[in-house]
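Undergrad: Quick note: the sequence shown uses UniProt numbering, first residue 1, plus one each step.
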Amino acid sequence: MNTNINLNIVNSKINLLNLSPKQIQLFLKSIGAKNFTSEQIMQWIYSHNCFDFNKMLNISKNIREKLNQTSYLKISNFSEEQISFDGTMKWITFLNNKKIETVYIPEKKRSTLCVSSQIGCALKCDFCATGKQGFYRNLTVSEIISQILQAKKRIDNKKITNIVFMGMGEPLLNLNNVVSALKIILNKNGFGLSKRRITVSTSGIVPAINKLSQKIDINLAISLHAPNNYIRNLIMPINKKYNIESLLTAVSRYLKHSNANRNGVTIEYVMLQNINDSNQNAEELACILKKVPSKINLIPWNSFKNSSFISSTPDKINIFANILRQKGFNTTIRKNRGEDINAACGQLTGNMINRSKNHL
Numbered sequence: 001m002n003t004n005i006n007l008n009i010v011n012s013k014i015n016l017l018n019l020s021p022k023q024i025q026l027f028l029k030s031i032g033a034k035n036f037t038s039e040q041i042m043q044w045i046y047s048h049n050c051f052d053f054n055k056m057l058n059i060s061k062n063i064r065e066k067l068n069q070t071s072y073l074k075i076s077n078f079s080e081e082q083i084s085f086d087g088t089m090k091w092i093t094f095l096n097n098k099k100i101e102t103v104y105i106p107e108k109k110r111s112t113l114c115v116s117s118q119i120g121c122a123l124k125c126d127f128c129a130t131g132k133q134g135f136y137r138n139l140t141v142s143e144i145i146s147q148i149l150q151a152k153k154r155i156d157n158k159k160i161t162n163i164v165f166m167g168m169g170e171p172l173l174n175l176n177n178v179v180s181a182l183k184i185i186l187n188k189n190g191f192g193l194s195k196r197r198i199t200v201s202t203s204g205i206v207p208a209i210n211k212l213s214q215k216i217d218i219n220l221a222i223s224l225h226a227p228n229n230y231i232r233n234l235i236m237p238i239n240k241k242y243n244i245e246s247l248l249t250a251v252s253r254y255l256k257h258s259n260a261n262r263n264g265v266t267i268e269y270v271m272l273q274n275i276n277d278s279n280q281n282a283e284e285l286a287c288i289l290k291k292v293p294s295k296i297n298l299i300p301w302n303s304f305k306n307s308s309f310i311s312s313t314p315d316k317i318n319i320f321a322n323i324l325r326q327k328g329f330n331t332t333i334r335k336n337r338g339e340d341i342n343a344a345c346g347q348l349t350g351n352m353i354n355r356s357k358n359h360l
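#1: Let's test the definition: count the other Cβ atoms within 10 Å of the Cβ of N276 and tell me whether it reaches 16, buried, or not, exposed.
#2: How big is the Cα-Cα spacing for D52 and N35?
#3: Roughly how many angstroms separate the alpha carbons of G346 and G120, rounded to a whole number?
#4: Run through DSSP, which three-state label would W301 get?
#5: Quick one: residues in its chain with C-beta nearer than 8 Å to the C-beta of V10, no 5 flanking neighbours on either side, listed in chain order?
#6: State yes or no: is the C-beta of N162 within less than 8 Å of the C-beta of R232?
#7: Output needed for L17: all residues of its chain with C-beta closer than 8 Å, excluding positions within five of it in sequence on either side, in chain order.
#8: Measuring straight from C-alpha to C-alpha, what distance separates K108 and K66?
#9: With distance defined between alpha-carbon atoms, name the residue in E268, I218, P21 nearest to K256.
#10: I9 by DSSP, collapsed to three states: which one?
#11: Taking its Cβ as the centre, do 16 or more other Cβ atoms sit within 10 Å of P314, making it buried, or is it exposed?
#12: By the 10 Å Cβ neighbour count, where 16 or more other Cβ atoms means buried, how is P227 classified, buried or exposed?
#13: Assuming the contact rule is C-beta atoms closer than 8 Å, I317 and L298 should be a hit. Round their C-beta distance to whole Å, please.
#14: Mapping the DSSP letters down to three states, classify M89 as helix, strand or coil.
#15: Exposed or buried, what is I310 when buried is set at 16 or more other beta-carbons lying within 10 Å of its beta-carbon?
#16: In three-state DSSP terms, what is K61?
#17: Out of K211, I216, L212, I238, state which residue places its alpha-carbon closest to the alpha-carbon of L224.
#18: Considering only DSSP beta bridges, list what N138 is partnered with.
#19: Looking only at its own chain, which residues have a Cβ that is under 7 Å from the Cβ of K240, when we skip the five neighbours before and after it?
#20: With a CB to CB cut of under 6 Å and the five nearest residues on each side skipped, what residues in its chain are close to D86?
#21: Under 8 Å between the Cβ atoms of Q214 and L173?
#22: Using DSSP's beta-bridge definition, name the partner residues of Y104.
#23: Would you mind listing the alpha helix (DSSP H) stretches within the stretch 176-218 that are 4+ residues and don't spill past its ends, in chain order?
#24: Pull up the distance between the alpha-carbon of I24 and that of L57, whole angstroms please.
#25: Out of K158, M236, E245, I185, which has the shortest C-alpha to C-alpha gap to K291?
#26: Can you tell me whether N229 is helix, strand or coil according to DSSP?
#27: Excluding the five sequence neighbours on either side, which residues of its own chain have a C-beta within less than 6 Å of the C-beta of M14, listed in chain order?
#28: Is the beta carbon of I160 sitting closer than 8 Å to the one on L113?
#29: From what residue to what residue does the beta strand (DSSP E) around E339 run?
#30: Assuming S116 contacts L149 (C-beta within less than 8 Å), just tell me the rounded distance between them.
#31: F135: which of F165, R197, E170, K153 sits nearest, CA to CA?
#32: DSSP puts T266 in a beta bridge; with which residues?
#33: Name the DSSP beta bridge partners of S71, please?
#34: Under 8 Å, do V178 and V206 count as touching if we go by C-beta distance?
#35: Can you find the residues in the same chain that come closer than 6 Å, C-beta to C-beta, to N2, ignoring five residues on each side of it along the sequence?
#36: Excluding the 5 residues preceding and the 5 following A282 in the sequence, name in chain order all residues of the same chain whose CB lies nearer than 7 Å to its CB.
Right, here's the structure in full:
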């Protein structure tokens, strides 16, 4: 739904959780409400977890009656929960007999929520379990936002400092809904996070990166995972459509208009033994990124059933990182979290592992 659509409702009700802040304002205007009513409703939803119009007592009775006639508030609930030995929490949401996962990663100085944007994924990256299960559909705005609302409830409203779109799916193939969700996350009457606390990860949908820069400014992470087109073609089919050169050109263009990425784009690079982890590969990576302001995050590969890949050894990853650091790149090695419950990067399939879990 976009802001150009006639928002007068005739035969059906609309879930307000599917609307961006601007769309909520337009909808309320169409039923005779004043501009500030949208702020009041968002505060009830996102600050007070209230989903009943009748309880929103600072909104006029007349508008509440119209809201009940034309709209509703429906969230998608978590149904299962599993907690890792390291404190990472994973939740399952059932959506029409399909599943998505949401992961909460608590740390000393920050707590990160990893949300999904699609059921499954169409990109079929060889090293990712999500891609192996196929694609079903995009998530609606309400289904994206529900993950955050439910997570806040489960962690007893403890502060979520960062939100990353690194769960199931390719966010930029669900661009409009993801952008609407981002606007709610950024809005002061929504979740109120800084744009530097939100990261959208993409495998490289070049046209969508170009569109994203015109719609919103947030941290961008690029799932690169290879230093040349030959290797990337082998492990990431999307590269045959949008190769590394076109991807990095789009990224450079995005960075010119971004304040959120002042320290450069994040380059995600999964470490696969004897595939992309040689010293020469590190040199190649440094070469292709020399004109792209970036920080590099090396990710030890996480295993999943029926995959033939092997993660690079810790020593090999350290050598690779040191080569990049010597070239002047800010390079980190990701500490895998939640691997024992299949909640780590590349492991999300909507399934719980065979040990204790809670039905919510």
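Ideal Cβ placement from N, Cα and C applies to all residues, glycine included. Note that this is a predicted model, so its numbers are computed, not measured.
TA: Straight from the coordinates:
#1: buried
#2: 20 Å
#3: 12 Å
#4: coil
#5: At V10 the pLDDT is 44, less than 50, meaning the model places this residue with poor confidence; the figure from the coordinates comes in the next sentence. Counting only Cβ-Cβ distances below 8 Å, and skipping sequence neighbours, we find nothing.
#6: no
#7: I45, L73, K74, I75, V141, S142, I145, S146
#8: 46 Å
#9: I218
#10: Bear in mind that the predicted position of I9 carries a pLDDT of just 43, short of 50, making it too unreliable to give a figure here.
#11: exposed
#12: buried
#13: 6 Å
#14: strand
#15: exposed
#16: helix
#17: Of K211, I216, L212, I238, the residue nearest in Cα terms is I238.
#18: N138 pairs with Q118.
#19: N233
#20: R337
#21: no
#22: DSSP output for Y104 lists M89, L113 as bridge partner(s).
#23: Taking only runs of at least 4 residues, the alpha helix (DSSP H) segments lying wholly in the stretch 176-218 are 206-215.
#24: 18 Å
#25: E245
#26: helix
#27: Rather than Met, the amino acid found at residue 14 in this sequence is Ile. Closer than 6 Å at the Cβ level, and outside the excluded window around I14, lie S71.
#28: Yes, the pair counts as a contact, with Cβ atoms nearer than the cut-off.
#29: It is not in any beta strand (DSSP E) - E339 carries neither H nor E in the DSSP assignment.
#30: So it is not a contact: roughly 14 Å between Cβ atoms.
#31: It is E170 whose Cα lies nearest to the Cα of F135.
#32: A221, K295
#33: For S71, which the question treats as bridged, DSSP gives the partners I14.
#34: V178 is not a Cβ neighbour of V206, given a cutoff of 8 Å.
#35: Any answer about N2 is weak, because its pLDDT of 46 lies below 50 and its placement is not dependable; what the coordinates show is given next. There are no such residues.
#36: F320, I323, L324
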